[in-house]
Amino acid sequence: MDSNVLSHQLSKETLHGSLTDPAIESMNLLNEIADRYPDAISMAAGRPYEEFFDVSLIHDYLEAYRDHLRDDRRMDDAGISRMLFQYGTTKGIISDLVARHLAEDENIEADPESVVVTVGFQEAMFLVLRALRASERDVLLAPTPTYVGLTGAALLTDTPVWPVRSTGNGIDLDDLAHQLERAREQGARVRACYVTPDFANPTGTSMDLPARHRLLEIAAAHGILLLEDNAYGLLGQDRLPTLKALDQSATVVYLGSFAKTGMPGARVGYVVADQHVAGGGLLADELSKLKGMLTVNTPPIAQAVIAGKLLRNDFSLARANARETAIYQRNLHLTLGELTRRLGAAPGVTWNAPTGGFFITVTVPFVVDDDLLEHAARDHGVLFTPMHHFYGGKDGFNQLRLSISLLTPQLIEEGVSRLAGLVTARLP
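For the sequence shown, the residue numbers in this note's numbering are -3 to 424.
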């Protein structure tokens, strides 16, 4: 190349504004710090337990799905090959099996036509927000703190997110009613409220049954949708019915993922969107149109692997994940116990006590920011997630999130010990 020819250089001001938002940067930052300090014990990553990963299961699941196509759907070899090798329908090739899983595990009666199989949860969220964002008036409500993936999808679809306070019982329903009234007064149109009723990321909190019923009543009274995220719902004890199972008026759009209960590497999620659209069809049909222009379809091979796991376990991922759930429960109780042992007497240090899922929120009497995270990794050998990332960098600067999902008991004990060393060194 002629050294006198200057290459074209882009200005960040000419790129989409989401690219400079802290929410987009947060996950990259955590990965970069983890890469720089590989010996640090990570209590940051919300990944499923890995001990039971087995490559041979991929082949077994594919075989199970092939048997299903041959024996239950009466397809010949050419049809089976076409199903697995070709693009497939935009809504997905396993929508009927996903619906059977929802009936088995969640008591959700979903018409397969209302199910769109997506490339992970993130595509499902993006499609829903893109479809609902029709004008500049449209806004989304979400609890604060909230999952950064929701924040990112909202940024990519130019959807303003109005925060709603959180409590130890999930989203604050009084503040939700207040925000709905505030939106009405300001001429904004609330299209939906995002909510995770079970073991929410990042807080770990859940909603009790009366709160779920009241949330449904508020949504129906104000004519808004509820976007229910249930990534962790099967991974706990004393499970309550999902909002979708309680929904009597098609208020809930149900967003699911097989990342925690199926196989994260398959990158398969789904959305149940059974709301009717004036003029005919379901919201799922409209989402399918958008998906056709975004990813065309979810890879059939990935869908087949998930389908095989469903088939091998009689459509129950609660039963299929019994070993993993037991380990998450063990790790959760062990971490809470170690926090009490190491930090129970520390002034100003508190934490919540979730009953399932992956996460615990710790509150401390000093600033928790990205500089402290790097200090923790470098000098104390432990990683966590600063909670300000889940507040859009506007709050949460005295909290951190611990993830218990990947660790052995020995690593938990050592990780909490290292964290306690950091915390006690920072106490006044």
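Beta carbons: idealized from backbone N, C-alpha and C, even for Gly.
Since we're looking at a predicted model, the values are computed, not measured.
Here the region 210 to 218 lies against the region 242 to 260, with 3 or more beta-carbon pairs under 8 Å apart. In this structure, DSSP gives T238 a state outside helix and strand, which the three-state scheme calls coil. Around the beta carbon of F254, 16 or more other beta carbons sit within 10 angstroms, so the residue counts as buried. With 16 or more other CB atoms across the displayed protein chains lying within 10 angstroms of its CB, Q299 is buried. Excluding sequence positions up to five before and after L230, its CB lies within less than 7 Å of the CB of D101, T257, L313, A314 and N317, all in the same chain and listed in chain order. The shortest C-alpha to C-alpha distance from R180 to any of A149, D134 and T357 is the one to D134.
Contact annotation, T155 with L136: C-beta distance approximately 5 Å; criterion of less than 8 Å satisfied. Ranked by Cα distance from K390, the first of L151, K8, A19 and A217 is A19. Secondary structure note for A314: its alpha helix (DSSP H) is the uninterrupted segment L313 to A316.
By the 16-neighbour rule on beta-carbons within 10 angstroms, R70 is exposed.
The beta carbons of S284 and V112 sit closer together than 7 Å. Taking a contact to require three or more Cβ pairs closer than 8 Å, the region 141 to 157 and the region 329 to 337 do not qualify as touching. With 16 or more other Cβ atoms from the protein chains shown falling within 10 Å of its own Cβ, D270 counts as buried. Rounded to whole angstroms, L205 and I400 show a C-alpha spacing of 26 Å. Around the beta carbon of K287, a 10 Å sphere encloses 16 or more other beta carbons of the protein chains shown; the residue is thus reported as buried.
Counting the other Cβ atoms within 10 Å of the Cβ of M121 gives 16 or more, which makes it buried.
In the DSSP annotation of this structure, the continuous segment of the alpha helix (DSSP H) that includes G145 starts and ends at V144 to L152. According to the DSSP secondary-structure assignment, I356 is paired through a beta bridge with L398.
Under the DSSP definition of a beta bridge, L223 partners with Y190 and V249. In the structure shown, the three-state DSSP call for T86 is coil. DSSP places Y45 in no beta strand (DSSP E); its state is neither H nor E. Apart from the 5 residues on each side of it in sequence, L98 sits with its Cβ closer than 6 Å to the Cβ of I104 and A106 in its chain, given in chain order.
Taking all protein chains in view, the Cβ of Q82 is surrounded by fewer than 16 other Cβ atoms within 10 Å, so the residue is classified as exposed. DSSP places G116 inside the alpha helix (DSSP H), whose first and last residues are G116 to L128. Boundaries of the beta strand (DSSP E) around T163: V157 to T163. Inter-residue distance for R414 and V157 is about 36 Å (C-alpha atoms, whole angstroms).
When secondary structure is reduced to three states using DSSP, S38 falls in the strand class. Under the three-state reduction of DSSP output, H272 falls in the strand class. Within a 10 Å sphere around the beta-carbon of N293 sit 16 or more other beta-carbons, which makes this residue buried. DSSP places P139 inside the beta strand (DSSP E), whose first and last residues are D134 to T140. Scanning G377, H371 and N394 for the CA closest to the CA of M383 turns up N394. Between the alpha carbons of T199 and R397 lies a distance of about 7 Å. Boundaries of the alpha helix (DSSP H) harbouring Q299: P296 to R308, taken from the DSSP string. No Cβ-Cβ contact shorter than 7 Å links V51 with H385. At least 7 Å separates the beta-carbon of S91 from that of L278.
Take A227, set aside five residues on each side of it, and the residues of its chain with a beta-carbon closer than 8 Å to its own are F117, T192, N197, G252, S253, A255 and K256, in chain order.
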